[in-house]
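Everything below concerns the one structure shown next.
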Amino acid sequence: MKRYIIGVVSLIMIGVVVFPIVLFSAPWPRSARDFLARSAVSETGATNVVASIYLGYRLYDTLGETMVLLAALVGSVYLMTDHGKKKEHFPGAAHGSFSLPTTGENIHKQYKRVQRTEVLSLTVGKLSPVVLLFGWYVMFFGHQSPGGGFQGGVVVASGITFLLMGRRLPQEMGVLFQNTVPVQRIEVGALLAILLLIGSGLLRGQGFFSNPFVGVEMPMPVTYIVLFNIAIGIKVGAGLAILMILMLRGTVRDT
Amino acid sequence: MTVILLVAILGLSIYALICKDLLYGTIALSVVSVLTALLLYILHAPDVAITEAAVGAGVSTVIFVWVIRKTQRRDET
Amino acid sequence: MILEQLLLGMLFLAGFGGLIFCKNLIKKVFALSIMNSAVILLFMVEGDRIGKRAPLVLDSQEILLLQEMVDPLPQALMLTAVVVGLCVTAFALVLVYRLHREYGTLNIDIIYERIRDASH
Numbered sequence: 317m318k319r320y321i322i323g324v325v326s327l328i329m330i331g332v333v334v335f336p337i338v339l340f341s342a343p344w345p346r347s348a349r350d351f352l353a354r355s356a357v358s359e360t361g362a363t364n365v366v367a368s369i370y371l372g373y374r375l376y377d378t379l380g381e382t383m384v385l386l387a388a389l390v391g392s393v394y395l396m397t398d399h400g401k402k403k404e405h406f407p408g409a410a411h412g413s414f415s416l417p418t419t420g421e422n423i424h425k426q427y428k429r430v431q432r433t434e435v436l437s438l439t440v441g442k443l444s445p446v447v448l449l450f451g452w453y454v455m456f457f458g459h460q461s462p463g464g465g466f467q468g469g470v471v472v473a474s475g476i477t478f479l480l481m482g483r484r485l486p487q488e489m490g491v492l493f494q495n496t497v498p499v500q501r502i503e504v505g506a507l508l509a510i511l512l513l514i515g516s517g518l519l520r521g522q523g524f525f526s527n528p529f530v531g532v533e534m535p536m537p538v539t540y541i542v543l544f545n546i547a548i549g550i551k552v553g554a555g556l557a558i559l560m561i562l563m564l565r566g567t568v569r570d571t
Numbered sequence: 520m521t522v523i524l525l526v527a528i529l530g531l532s533i534y535a536l537i538c539k540d541l542l543y544g545t546i547a548l549s550v551v552s553v554l555t556a557l558l559l560y561i562l563h564a565p566d567v568a569i570t571e572a573a574v575g576a577g578v579s580t581v582i583f584v585w586v587i588r589k590t591q592r593r594d595e596t
Numbered sequence: 315m316i317l318e319q320l321l322l323g324m325l326f327l328a329g330f331g332g333l334i335f336c337k338n339l340i341k342k343v344f345a346l347s348i349m350n351s352a353v354i355l356l357f358m359v360e361g362d363r364i365g366k367r368a369p370l371v372l373d374s375q376e377i378l379l380l381q382e383m384v385d386p387l388p389q390a391l392m393l394t395a396v397v398v399g400l401c402v403t404a405f406a407l408v409l410v411y412r413l414h415r416e417y418g419t420l421n422i423d424i425i426y427e428r429i430r431d432a433s434h
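Chains as they are written, first to last, in my numbering: chain A, 317 to 571; chain B, 520 to 596; chain C, 315 to 434.
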């Protein structure tokens, strides 16, 4: 009973703080919009003004976001995989190996489980190249239409999820993405590309996070944004794909 | 139009917090994400709409369904 | 305008109430996700007030039409907020999975009892 009273009192206190914040009626400032309407397209070359903000003026925030995604993925992968430690568990806990059995006598049980969802795996497996192609397109065109690195990366990760769900026969189970090391290498390569792109402004005598193509005619200044979109997209897609592989397959090898 | 979508989002999220079967709550949360993406498109924000749709109705729902599969499906409290 | 703001405030408080009063761990993660959606929608609703076009230039239009675009700065910030919300949800769910593996239940009261009994 005392806990409910404390809970209700804290809810009322948060409500008293939240409602004046939410209900404010002061006019929203227009100076940011006016400045960006004047000079976003000419300074960065991107016709998508939101892309020119988070990949042009505020590139440091994008680096922070990439680091947060990396930290969350590393922490989740570490906590999900078994490290060989066995401790005493309470009854009812999900203990032991949490992957689907892929060899031995349990493969028929697995095959039966797969057969029940034949329609789902058939459609999803045939749709997966379309989704991957769409994700690639969204990644590439972030500077001109709504889209960009993060959006394209998440759609590519969904496409890889479709690939993983579309396996039907027991023979296909062990082939695709058996361990996550190639995908990890792709992610590390993309992170290296991001760091090199950030430091490439130093070659022109400008600081970090600056566009080295500004003022040059032949590779247009928007090339920087396109390369950045591709690098971020590959990194996010590969990172989330590692999570999806570990969740939909379990850890077959210790990665 | 925005008010109708906001009322639907509020109702579905309260259902997600009250339901007894956690899988129903996950599907309600996924519908909340899709309705949020639609509302963001109406509010002239296409970038955020694509991100919210891909993240909420895609990756986030997959992770929820995985955890529910590995633990329990019913809410016994 | 006021009605939308009120509804968003109620959505945030519903999420917060779910965080306090629900005893199931997965429902607490539901509540975190709902609060995230509420804050994102609040910023977008406020940013939509000052314009009437999306912040995008199509090929055949002049750039001058950007004068009446919606504020693009909150949109860039909310992109980051959506991705960080996904990270928090994913990590919280992996922690819930590990708690269930250790203690066998998803009820926070029973987990608290078992921790207290195991440490005595």
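Here a beta-carbon is modelled for each residue, glycine too, at the ideal position from N, C-alpha and C. In this text, all values refer to a predicted model and were calculated from it rather than measured experimentally.
Could you pull the start and end residues of the alpha helix (DSSP H) that glutamine 381 of chain C belongs to? Per DSSP, glutamine 381 of chain C belongs to no alpha helix (DSSP H) and is neither H nor E.
What does the Cβ neighbour count give for aspartate 385 of chain C, buried or exposed, with the cut at 16 atoms within 10 Å? buried
Using a Cβ distance threshold of 8 Å, determine whether the stretch 448-458 of chain A contacts the stretch 541-560 of chain A, with at least three qualifying pairs required. yes
Does aspartate 431 of chain C come within less than 8 Å of chain A when only Cβ atoms are used? no
Selected residue, minimal CA-CA separation from asparagine 338 of chain C, among B:Leu559, B:Ile537, B:Ser579: B:Ile537
So valine 371 of chain C packs on glutamate 381 of chain A, CB below 8 Å; how close in whole Å? No, valine 371 of chain C and glutamate 381 of chain A are not in contact; Cβ-Cβ is about 25 Å, not under 8 Å.
With 9 Å as the limit, tell me which residues of the stretch 328-339 of chain A have their beta carbon closer than that to any beta carbon of chain C; keep them in chain order. Ile330, Gly331, Val334, Phe335, Ile337, Val338, Leu339
What residues in the stretch 464-480 of chain A bring their beta carbon closer than 8 Å to a beta carbon of chain B? Gly464, Phe466, Gln467, Val470, Val471, Ala473, Ser474, Thr477
Assuming alanine 547 of chain B contacts alanine 535 of chain B (C-beta within less than 8 Å), just tell me the rounded distance between them. 4 Å
So with CB distances below 9 Å, who are the chain C contacts of leucine 542 of chain B? Result: empty, since nearest Cβ-Cβ is about 10 Å, beyond 9 Å.
DSSP three-state label for leucine 346 of chain C, please. helix
Mind listing which residues of the stretch 506-523 of chain A have their C-beta closer than 9 Å to chain C's C-betas, in chain order? none
Helix, strand or coil at aspartate 566 of chain B [DSSP, three-state]: helix
Mapping DSSP to helix, strand and coil, what is leucine 385 of chain A? helix
Taking aspartate 359 of chain C as the query, report the chain B residues whose CB atoms sit under 8 Å from its CB, ordered along the chain. Before going further, note that residue 359 of chain C is valine rather than aspartate in the sequence given. In chain order: Thr521, Leu562.
Have a look at B:Asp540, B:Asp566, B:Leu558, B:Ile533 and flag the residue whose alpha-carbon is nearest the alpha-carbon of glutamine 460 of chain A. B:Asp566
Cβ of threonine 496 of chain A less than 8 Å from any chain C Cβ? no
Do isoleucine 502 of chain A and isoleucine 550 of chain A count as a contact pair if the criterion is CB distance below 8 Å? yes
Taking leucine 556 of chain A as the reference, give the member of C:Val353, C:Ala404, C:Gln319 with the closest Cα. C:Ala404
Would you kindly report the start and end of the unbroken alpha helix (DSSP H) that includes asparagine 545 of chain A? 538-565
Helix, strand or coil at aspartate 540 of chain B [DSSP, three-state]: strand
Starting from tryptophan 452 of chain A, trace the alpha helix (DSSP H) both ways and give me its first and last residue. 434-456
Length of the line joining the Cα atoms of alanine 356 of chain A and valine 470 of chain A: 26 Å
Within 10 Å of its beta-carbon, does serine 532 of chain B have 16 or more other beta-carbons around it, so buried, or fewer, so exposed? buried
Would a check of beta-carbon distances place leucine 389 of chain A closer than 8 Å to chain B? no
Aspartate 431 of chain C versus isoleucine 424 of chain C: straight-line alpha-carbon distance, rounded: 10 Å
Residues in the same chain with beta-carbon distance under 7 Å from leucine 356 of chain C, minus the five sequence neighbours each way, listed in chain order, please. Leu322
Integer-rounded CB distance, given that valine 551 of chain B should sit under 8 Å from serine 351 of chain C: 7 Å
Output yes if chain A places a C-beta closer than 8 Å to the C-beta of alanine 328 of chain C; else output no. no
Could you name the residues of the same chain whose beta carbon sits closer than 6 Å to that of arginine 428 of chain C, not counting the 5 residues immediately before and after it, in chain order? Tyr417
Euclidean distance between Cα positions of isoleucine 587 of chain B and valine 390 of chain A: 22 Å
To the nearest whole angstrom, what separates the beta carbons of threonine 378 of chain A and leucine 371 of chain A, a pair I think is in contact under 8 Å? 6 Å
Bridge partners - leucine 370 of chain C, DSSP secondary structure assignment: A:Asn364
Short check: CB of leucine 327 of chain C to CB of isoleucine 321 of chain A, under 8 Å? no
Return helix, strand or coil for arginine 592 of chain B, following the three-state DSSP convention. coil
Give every residue of the same chain whose Cβ lies closer than 7 Å to the Cβ of methionine 560 of chain A, excluding the five residues on either side of it in the sequence, and list them in chain order. Ala473, Ile476, Thr477, Leu480
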